[in-house]
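Everything on this sheet refers to the single structure shown next.
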Amino acid sequence: MAALRLLKELELRGITSSKRRKTDTDNVDNESSPRSGDNIRSQPDGEASGSATEKPKPPESQPDINGDLLKRACSARAHDSKTADVPVLPPIDMKKGGPRNSLYALCKKLQWPMPAFDPMEQKSRTPIQIGDTTGFNSFTSQISLTIPDFGKIELIGEARADKKSSFDSAALVMLYELERRGKIIIGE
Numbered sequence: 001m002a003a004l005r006l007l008k009e010l011e012l013r014g015i016t017s018s019k020r021r022k023t024d025t026d027n028v029d030n031e032s033s034p035r036s037g038d039n040i041r042s043q044p045d046g047e048a049s050g051s052a053t054e055k056p057k058p059p060e061s062q063p064d065i066n067g068d069l070l071k072r073a074c075s076a077r078a079h080d081s082k083t084a085d086v087p088v089l090p091p092i093d094m095k096k097g098g099p100r101n102s103l104y105a106l107c108k109k110l111q112w113p114m115p116a117f118d119p120m121e122q123k124s125r126t127p128i129q130i131g132d133t134t135g136f137n138s139f140t141s142q143i144s145l146t147i148p149d150f151g152k153i154e155l156i157g158e159a160r161a162d163k164k165s166s167f168d169s170a171a172l173v174m175l176y177e178l179e180r181r182g183k184i185i186i187g188e
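Here it is, written out as structure tokens:
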């Protein structure tokens, strides 16, 4: 009953539902609160019948403006089918582990196999400065992701001072490549 009351209030404000729902709610309203003479119509043989058995006829003189707008909107979306089924990711967290978590969540959501990381370590006798950190080792990770019905994508991330950061770099490169190929959209 609360839903019917809410629908009636929305209709009074000018927000209408589709024809089918409107006629269905009118029938429910008529059945739940019968008024004198509204539900009963006399038959030629003198018997009375309820209007619940007769199908109400929608008004043919009024054009269905909302239905036409809905059809146009749906057809516009159908033409833009590339973006219709492309998942939109929230902005990537750039903290340590953020790009990997975003990529793992994407693979889990789309039921893709998890990506494989292959770290490559380069040792040096002199200190190497990468970003803010300085160390004697640098790591570069290769990432491979198999997308069903598409293929395998293999990329190499940037050099980092530790292994996990190199995984993050490779995951970030993979996410940007997936966006470039139109497989995902990354939020701002």
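Note that full-length UniProt numbering has the sequence shown beginning at 1, numbered continuously upward.
We treat Cβ as the ideally placed atom computed from N, Cα and C, and that holds for glycine.
Since the model is a prediction, treat every value here as computed from it, not as a measurement.
Around the Cβ of I185, are there at least 16 other Cβ atoms within 10 angstroms (buried) or fewer (exposed)? Looking up residue 185 in the sequence shown gives position 185. With fewer than 16 Cβ atoms within 10 Å of its Cβ, I185 is classed as exposed.
L145 and P99: beta carbons closer than 9 Å? Translated into positions along the sequence shown, residue 145 becomes position 145. Translated into positions along the sequence shown, residue 99 becomes position 99. Judged by beta-carbon spacing, P99 lies beyond the 9 Å limit of L145, meaning their Cβ atoms are not closer than that value.
Reduced DSSP secondary structure (H/G/I, E/B, other) of V86: Start at 1 with the first residue of the sequence shown, and residue 86 comes out as number 86. Here V86 sits in coil by DSSP.
Measuring only the C-alpha atoms, how far is S102 from D149? Residue 102 sits at position 102 when you count from the first residue of the sequence shown. Residue 149 sits at position 149 when you count from the first residue of the sequence shown. Going from the Cα of S102 to the Cα of D149 covers about 22 Å.
Let me make sure I understand the geometry here. Which of A170, K164, A161 has the alpha-carbon closest to that of I153? Residue mapping note: residue 153 aligns to position 153 of the sequence shown, counting from 1. With distances taken between Cα atoms, I153 lies closest to A170.
Quick one: give me the first and last residue of the beta strand (DSSP E) that P99 is part of. Working through the sequence shown from its first residue, we reach residue 99 at position 99. Going by DSSP, P99 is part of no beta strand (DSSP E) but of the alpha helix (DSSP H) stretching over 98-110.
Hey, could you find the ends of the alpha helix (DSSP H) R5 is sitting in? Position 5 of the sequence shown, counted from the start, is the residue given in the question as residue 5. 2-12 is the span of the alpha helix (DSSP H), which, as asked, contains R5.
Return the CA-CA distance between R160 and A2, expressed in angstroms with no decimal places. Locating residue 160 in the sequence shown gives position 160, counting from the first residue. Locating residue 2 in the sequence shown gives position 2, counting from the first residue. R160 and A2 have their C-alpha atoms some 60 Å from each other.
If you draw a straight line from the C-alpha of E177 to the C-alpha of G151, how long is it? As a position in the sequence shown, residue 177 is number 177, starting the count at 1. As a position in the sequence shown, residue 151 is number 151, starting the count at 1. Using only the alpha carbons, I get a separation of about 14 Å.
With DSSP as the reference, label F150 as helix, strand or coil. To locate residue 150, count along the sequence shown from 1; it is residue 150. F150 falls in the coil class under three-state DSSP.
Could you give the C-beta distance for I128 and F139, rounded to a whole number, given that I count them as a contact under 8 Å? In the sequence shown, residue 128 corresponds to position 128, counting from 1. In the sequence shown, residue 139 corresponds to position 139, counting from 1. I128 to F139, Cβ: 11 Å. No contact.
Give the secondary structure of A73 by DSSP, where H, G and I count as helix, E and B as strand, and everything else as coil. Counting from one through the sequence shown, the residue named residue 73 turns up at place 73. Only weak support exists for where A73 lies, its pLDDT of 47 falling under 50; the coordinates are left without a value.
Determine the extent of the alpha helix (DSSP H) in which K164 is found, giving its start and end residues. Taking the sequence shown and counting its residues from 1, one reaches residue 164 at position 164. Taken as a continuous stretch (DSSP letters only), the alpha helix (DSSP H) holding K164 covers 163-180.
Quick check: what's the CA-CA separation for G182 versus V86? Against the sequence shown, residue 182 aligns to sequence position 182. Against the sequence shown, residue 86 aligns to sequence position 86. If I take the Cα positions, the gap works out to 7 Å.
Do you know offhand how far E9's Cα is from I15's? On the sequence shown, residue 9 is found 9 positions in, with the first residue counted as 1. On the sequence shown, residue 15 is found 15 positions in, with the first residue counted as 1. If I take the Cα positions, the gap works out to 9 Å.
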